[in-house]
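The letter at position 173 of the sequence shown is residue 186 when you use our numbering, and the numbering goes up by one with no holes. For every residue, glycine included, the Cβ atom is placed at its ideal position computed from N, Cα and C. All values derive from a computational prediction rather than experimental measurement. A quick write-up on the structure given underneath.
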Amino acid sequence: MGRFNLHQRHEDDFENIVWHLCVRIFGNGTKKFAPGKDGGRDALFEGTAQAYPSVVDPWKGKIVIQAKHTKSPVASCSDSEFKRLMEADEAPKINNLKARGELDHYICFTNRKESGVAGRNLELALRDVTGLPTLTIAGIDTIEHLLTHHSDLIEMLGLRMLAPGLTIHPQDLESLINYFDANVDLFSDSLEAPAEPAFQAASFKDKNEINSLSNDYFQSGIVEDSMPHFKTINAFLSNPRNGAWRKRYTNVARQFRNKYLAHRADFGSFEQIFENIFDRLQIRGQLQGQDALIYIFLHYMYCQCDLGRRTPDEKQ
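What follows is the structure, given as structure tokens:
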């Protein structure tokens with residue numbers, strides 16, 4: 014699982030992240046990404062690298078750098094689409110640059126997962142095709158290692174970490190959201206459930222202050238966008254036929270509440286907690302096209318006081 018949400022960045026942002034990393038490992042002379050003679054976008058460094066692949070044995074000569082971004086949170090270097098891209102498109106370009114004496118080393122950074130043997134086999138196959146023994150594919154694992162090593166870049170580049178010490182198990186919520194979406198028509202017209210959550214512990218104003226949730230986010234994200242759907246969720250969860258789904262909701266809400274209370278110091282505003290859970294669910298890839306419902310259910314948990322602190326004295 015990627016810890017920096019790189020799949021959500023624009024490809025230009027990804028290139029900028031890669032360039033900053035290359036300045037650290039190759040040197041200040043690393044040129045920014047620009048259209049190359051072969052039609053691709055390359056970054057370049059010429060000279061002796063500062064620390065790649067190591068300080069003891071650095072690359073020397075002309076280094077061509079590429080950045081291949083994907084918006085998929087589950088993409089892998091072993092995917093057939095990426096394999097085709099590298100073998101059919103990039104290998105001929107590498108051979109042309111090498112033949113013109115414009116390339117001694119090549120590295121491709123991608124936010125795809127490094128996939129063990131399959132990914133390594135692709136790298137070896139490309140080395141054979143190009144005759145370039147140092148050709149390297151650096152996936153998300155390598156990028157995250159470099160970012161962790163050069164940790165000042167994390168804040169400078171505005172990257173958001175997924176709290177590495179925090180692990181959640183959201184399978185119940187994924188199943189619940191998918192089932193609810195598929196059967197929402199059965200409950201959308203119900204008049205039995207109250208229109209708003211039965212939140213009595215404190216006013217919303219007090220709860221928001223206790224949990225550091227901004228009024229702007231509450232009014233726009235929760236009151237305007239999510240609350241209109243709470244009645245349907247109440248009807249769904251209060252229906253006796255859905256006892257098993259109610260149990261799943263209770264289990265995952267309790268898990269999220271306990272986990273995020275234990276790691277509350279890792280986050281600033283409560284908005285960041287909503288975004289952290291959302292990002293983790295997106296990366297798992299089980300709720301594609303369900304962005305709105307993810308937020309609606311998380312906001313419902315918050316307003317039901319199933320997520321977040323109930324009182325100022327509650328242990329953080």
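{"Asked": "Can the beta-carbon of residue 73 be found less than 8 Å from the beta-carbon of residue 56?", "Found": "no"}
{"Asked": "Alpha carbon to alpha carbon, how far is residue 226 from residue 285?", "Found": "9 Å"}
{"Asked": "Given a cut-off of 8 Å, decide if residue 17 and residue 172 are closer than it, judged by their beta-carbon atoms.", "Found": "yes"}
{"Asked": "Is residue 47 near the ligand MG, with its Cβ less than 7 Å from a heavy atom?", "Found": "Ligands are entirely absent from the displayed structure, and the ligand MG is therefore not among its contents."}
{"Asked": "Beta-carbon within less than 7 Å of residue 208's beta-carbon, same chain only, minus the 5 sequence neighbours each way: which residues are those?", "Found": "In this predicted model, residue 208 has a pLDDT of only 48, less than 50, meaning its place in the structure is not dependable enough to derive any value."}
{"Asked": "Per DSSP, what kind of secondary structure is residue 35 in: helix, strand or coil?", "Found": "helix"}
{"Asked": "When we look at the beta-carbon of residue 294 and count the other beta-carbons within 10 Å, is it buried (16 or more) or exposed?", "Found": "buried"}
{"Asked": "Using a beta-carbon distance below 8 Å, is residue 68 in contact with chain C?", "Found": "No chain C appears in this structure, which consists of one protein chain only."}
{"Asked": "Contact defined as beta carbons within less than 8 Å: I believe residue 78 pairs with residue 31. What is the distance between those atoms, to the nearest angstrom?", "Found": "7 Å"}
{"Asked": "Taking buried to mean at least 16 other C-beta atoms within 10 Å of its own C-beta, is residue 94 buried or exposed?", "Found": "exposed"}
{"Asked": "Rounded to the nearest angstrom, what separates residue 323 and residue 138 at their Cα positions?", "Found": "57 Å"}
{"Asked": "Distance check for residue 123 and residue 89, CA to CA, integer angstroms please.", "Found": "9 Å"}
{"Asked": "Do residue 111 and residue 145 have their C-beta atoms closer together than 8 Å?", "Found": "yes"}
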